[in-house]
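Inspection log for the structure reproduced underneath, given as structure tokens.
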Amino acid sequence: MKCRKCGEKASINMRQHRMALCKDHFLEWIPEQTERFIKKYGMFARDEKILVAVSGGKDSLALWDILTRLGYEADGLYLGLGIDGGIEYSAESQRLTEEFARARNLKLHVIDIEKEYGHSIPVFSEISFRGKDKPCSVCGLTKRHEMNRIARDLGYDVLATGHNLDDEAAVLFGNTLQWSADYLLRQGPVLESKEGLARKVKPLCRFYEREMTAYSIMRGIEYIYEECPFAEGATQIFYKETLNQLESARPGVKLTFYLRFLEAKQSGDLFIQKDEKPPQLHPCERCGQPTSAPNLCSFCRMLEKADAS
Ligand SMILES: [Zn+2]
Ligand SMILES: [Zn+2]
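Heads up: the sequence shown begins at 319 in the numbering used here, then just goes up one per residue.
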């Protein structure tokens, strides 16, 4: 297998693109493509301040690396969630993230949830929901709240996360199986800012997971291999495996599934846009973030329950 650009020995063969590349050309191709997606979907401009949510995993560190290589002003945000998966998951992912930032002289904000609020994610999950709600939903709620808070307080224009195509296709697959119109309408590479919430973008949403793994390894990025012990429910993993089976029989099907969805959504063909009034939002009494609940946002309600127990 030869590199399409230089004819040297290829390091990666991407069947879905019918293209093989050598290491050097692959490491050029990924940022070039990212820049193209940033422009195509109007994610952010050159002069905007970007906050990258970094977890210590390959996707978010690769994203930070790519944005930096492209010359964007991108700082990192690491949220210490106090999750111990037997391997001290949180401690190790924080160490790798700090190491990454130090080696490249990048600015990293570290927020320790337990120090900030007095409770860790497992405690929130256990106490406030009696273990009924999965830790990942508590984790997601906490991450969203904290990312918004930091972006607002420190004046960032946009929040970037490392979701790749496999993540996005699995979510789309789940939402399609359920025909969850509300979720489908909201899914996409860009979630526009509204009422005090920063714009959210996913610059890696068109890259396959294996492309991001290859990129991280070839760039010598040290990342945490283990998934968060609470990560994604069994359903999400099952959807990913199902899509991978489809993909191996028909290379490119995952990308087509996602891109055709975005096109259909854009053209307005797929959905009847509802005229309904969006829910009335007002600032949470405690933290000031927009919420549709009467007094406190769902994060502050969770915090209140945990404090009271
Ligand atoms: Zn080459
Ligand atoms: Zn609140």
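Cβ atoms here follow ideal geometry from the backbone N, Cα and C, with glycine treated the same way.
As the structure is a prediction and not an experimental result, all values here were calculated from the model.
Where residue i sits in the DSSP three-state scheme
{"i": "Asp625", "result": "helix"}
{"i": "Arg517", "result": "strand"}
{"i": "Met465", "result": "helix"}
{"i": "Ala611", "result": "coil"}
{"i": "Gly404", "result": "Low local confidence applies: a pLDDT of 49 at Gly404 is under 50, so the model's placement there is unreliable, and no value is given."}
{"i": "Pro601", "result": "strand"}
{"i": "Asn331", "result": "strand"}
{"i": "Leu580", "result": "helix"}
{"i": "Lys358", "result": "helix"}
{"i": "Asp393", "result": "strand"}
{"i": "Ala371", "result": "strand"}
{"i": "Lys320", "result": "strand"}
{"i": "His343", "result": "helix"}
{"i": "Asp587", "result": "coil"}
{"i": "Gly492", "result": "helix"}
{"i": "Ala363", "result": "coil"}
{"i": "Ile348", "result": "helix"}
{"i": "Thr574", "result": "helix"}
{"i": "Ile429", "result": "strand"}
{"i": "Leu477", "result": "strand"}
{"i": "Gly398", "result": "strand"}
{"i": "Leu388", "result": "coil"}
{"i": "Leu424", "result": "coil"}
{"i": "Leu509", "result": "strand"}
Option in the options with minimal Cα separation from residue i
{"i": "Tyr576", "options": "Glu350, Phe491, Ser566, Pro569", "result": "Phe491"}
{"i": "Leu472", "options": "Lys367, Arg413, Ser585", "result": "Lys367"}
{"i": "Val428", "options": "Leu459, Val372, Ser438", "result": "Val372"}
{"i": "Gln334", "options": "Gly606, Pro569, Ala611", "result": "Pro569"}
{"i": "Arg354", "options": "Leu397, Leu522, Ser585, Ala552", "result": "Leu522"}
{"i": "Pro349", "options": "Glu603, Phe525, Glu540, Leu573", "result": "Phe525"}
{"i": "Thr415", "options": "Lys376, Leu385, Val441", "result": "Lys376"}
{"i": "Glu527", "options": "Glu486, Ala499, Phe556, Ile539", "result": "Glu486"}
{"i": "Arg504", "options": "Lys583, Phe556, Thr560, Pro612", "result": "Lys583"}
{"i": "Ile384", "options": "Thr352, Arg364, Asp393", "result": "Thr352"}
Residue i Cβ short of 6 Å to ligand 1 heavy atom set
{"i": "His335", "result": "no"}
{"i": "His481", "result": "no"}
{"i": "Glu346", "result": "no"}
{"i": "Lys320", "result": "no"}
{"i": "Glu326", "result": "yes"}
{"i": "His343", "result": "yes"}
{"i": "Lys323", "result": "yes"}
{"i": "Cys523", "result": "no"}
{"i": "Cys457", "result": "no"}
Proximity of residue i and residue j at Cβ, strictly below 7 Å
{"i": "Gly400", "j": "Glu432", "result": "yes"}
{"i": "Ser438", "j": "Val456", "result": "no"}
{"i": "Leu339", "j": "Ala328", "result": "yes"}
{"i": "Gly514", "j": "Pro608", "result": "yes"}
{"i": "Leu388", "j": "Leu369", "result": "no"}
{"i": "Arg517", "j": "Val476", "result": "yes"}
{"i": "Val441", "j": "Ala478", "result": "no"}
CB contact below 7 Å: residue i versus chain B
{"i": "Arg462", "result": "Protein chain content of the structure displayed is limited to a single chain, and chain B is not contained in it."}
query = Where the beta carbon is closer than 5 Å to any heavy atom of ligand 2, which residues qualify, in chain order?
reply = Cys602, Arg604, Cys605, Cys615, Cys618
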